[in-house]
Amino acid sequence: MNPMPDLCIRMLIGCHLSSSHGFMSMLRTAQSIGANVFQFYTRNPRGSAAKPIDAQDAADFVRCQREGQIGPIVAHAPYTLNACSDDPSKRAFAKRTMADDLERMESVPHNFYNLHPGSHMGQGLAVGVEQIAAMLNEVLKPEHTTVVLLETMAGKGREVGSRFAELKQIIDRVELGDRLGICFDTCHTWDSGYDIAEHLDDVLREFDQVLGIERLRVVHLNDSLNVKASHKDRHAKIGEGALGSEAIVRLINHPALHHLPFILETPNELEGYSREIAWLCEQWQD
Ligand code: FE
Ligand code: FE
Ligand code: ZN
42 MNPMPDLCIR MLIGCHLSSS HGFMSMLRTA QSIGANVFQF YTRNPRGSAA
92 KPIDAQDAAD FVRCQREGQI GPIVAHAPYT LNACSDDPSK RAFAKRTMAD
142 DLERMESVPH NFYNLHPGSH MGQGLAVGVE QIAAMLNEVL KPEHTTVVLL
192 ETMAGKGREV GSRFAELKQI IDRVELGDRL GICFDTCHTW DSGYDIAEHL
242 DDVLREFDQV LGIERLRVVH LNDSLNVKAS HKDRHAKIGE GALGSEAIVR
292 LINHPALHHL PFILETPNEL EGYSREIAWL CEQWQD
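Residue numbers (the working numbering): 42 to 327.
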């Protein structure tokens with residue numbers, strides 16, 4: 042029996058939502074804008090104490106997810122977490138926060154947790170990779186059901202993870218590496234220098250050769266305000282950036298991506314997201 046009958050014939054599409062009113066509230070918001078997946082921050086950007094999870098809210102959500110009312114969800118770590126900071130207290134903070142987030146995620150098991158690998162702050166890429174892997178080795182537990190995603194980065198400043206090979210170096214150092222996946226951010230990969238507008242096939246072939254295409258679990262679907270290899274990380278609305286609508290349509294219909302959850306992180310309010318979702322669903326070929 043298929044647990045998610047409607048989702049299998051539909052594009053998995055949604056956007057980033059505010060988590061301030063809990064899981065069921067996000068589910069209802071998602072449904073109101075035509076989304077069947079969504080993303081949220083686990084806590085505010087400063088990463089201060091997260092609100093306690095409402096057990097009833099989480100249980101209700103899990104039931105709805107089992108019934109197929111909603112697809113997989115992505116918890117995004119606070120973007121300020123830095124596993125490879127040159128400040129040991131910030132590294133300790135990142136570890137504590139992620140460990141706590143992963144415990145909390147078990148209230149909605151079998152979903153995704155998305156992490157920016159980090160910024161090495163001048164320590165060098167090799168040190169950055171080691172420190173990120175060290176944190177993952179401490180926080181990942183065999184009993185966790187959450188798949189942790191490393192996000193492809195734009196290469197702003199000293200960001201680690203803007204090249205596929207850097208993500209591979211991290212994964213190779215993690216004992217529970219089979220729990221790791223990749224979130225492919227289309228704005229970031231473009232800003233990092235991968236030509237996903239004109240040479241998507243080549244980029245995905247390279248991804249497969251370096252990381253293995255089965256690692257690719259979620260797409261952050263964003264246009265970019267800037268030219269390829271700008272290393273800027275400024276998202277644009279779908280079709281209004283340097284990627285453009287035709288490249289976006291090729292992306293969502295590429296056989297390697299077509300079935301994945303697509304999460305919009307475009308500069309929009311709910312109404313704008315709803316319009317983008319409707320347009321993308323029209324372009325998506327089943
Ligand atoms: Fe992100
Ligand atoms: Fe992203
Ligand atoms: Zn970004």
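Think of the CB as a built atom: it goes at the ideal place given N, C-alpha and C, for glycine as much as any other residue.
Small disclaimer: the values here were computed from a predicted structure and weren't measured.
(message) Please state whether the Cβ-Cβ distance between L53 and G109 is less than 8 angstroms.
(response) no
(message) My output table needs one value for A90: the three-state DSSP class, helix, strand or coil.
(response) coil
(request) Have a look at I223 and V259 and give me their C-alpha separation to the nearest angstrom. (result) 7 angstroms
(request) For N123, count neighbouring C-beta atoms within 10 Å of its own C-beta (all shown protein chains included) and say buried if the count is 16 or more, exposed if not. (result) buried
(request) In the DSSP assignment, find the unbroken alpha helix (DSSP H) run with V103 in it and report its ends. (result) A96 to R107
(message) Bridge partners for C56 per DSSP, in chain order?
(response) F79 and L305
(message) Restricting to Cα atoms, I'd like to know which of N77, V170 and D98 is closest to S25.
(response) Only positions 42 to 327 of the chain appear in this structure, which leaves residue 25 out of reach.
(message) Just to be sure I understand the criterion: a residue counts if its Cβ is closer than 7 angstroms to at least one heavy atom of ligand 3. Which residues meet that?
(response) A195, D226, C228, H229, N263, D274, H276 and E306
(message) Tell me whether the stretch 300-317 and the stretch 252-271 touch, counting them as touching only if at least three CB pairs, one residue from each stretch, are closer than 8 angstroms.
(response) yes
(message) So, for D95: in the same chain, excluding its five sequence neighbours on each side, which residues have a beta-carbon less than 6 angstroms away from its beta-carbon?
(response) G63
(request) For I254, name the three-state secondary structure that DSSP assigns. (result) helix
(message) With three or more C-beta pairs closer than 8 angstroms as the rule, is the stretch 169-185 touching the stretch 206-225?
(response) yes
(request) Counting only the same chain and skipping the five closest in sequence on each side, list residues whose C-beta sits under 7 angstroms from that of K131. (result) N123
(request) Can you check DSSP and say which residues form a bridge with F225? (result) V260
(request) Check whether the Cβ of H261 sits closer than 7 angstroms to any heavy atom of ligand 2, and report yes or no. (result) yes
(request) Out of G75, A71 and H117, state which residue places its alpha-carbon closest to the alpha-carbon of W320. (result) G75
(message) Quick check: what's the CA-CA separation for G202 versus G196?
(response) 7 angstroms
(message) I believe T193 touches D226 by the beta-carbon criterion, under 8 angstroms. Please report the beta-carbon distance rounded to the nearest angstrom.
(response) 5 angstroms
(request) With DSSP as the reference, label L190 as helix, strand or coil. (result) strand
(message) Excluding the 5 residues flanking Y314 on each side, which residues of the same chain have their C-beta closer than 7 angstroms to its C-beta?
(response) C56, I74 and L305
(message) In the DSSP output, what is L156 paired with across the bridge?
(response) L191
(message) Tell me the DSSP secondary structure of I212 in three-state form.
(response) helix
(message) In whole angstroms, give me the CA-to-CA distance for L58 and Y154.
(response) 15 angstroms
(message) Please tell me whether V188 and R220 are closer than 8 angstroms, where the distance is taken between their beta carbons.
(response) yes
(message) Output needed for L151: all residues of its chain with C-beta closer than 7 angstroms, excluding positions within five of it in sequence on either side, in chain order.
(response) Strictly speaking, residue 151 in this sequence is His, with Leu absent from that position. Cβ within range, chain order: T186.
(request) Measure how close the beta-carbons of L266 and R275 come, nearest whole angstrom, since I'm counting them as under 8 angstroms. (result) 4 angstroms
(request) Give, in chain order, every unbroken run of the beta strand (DSSP E) that is at least 3 residues long and sits entirely within the stretch 270-306. (result) 303-305
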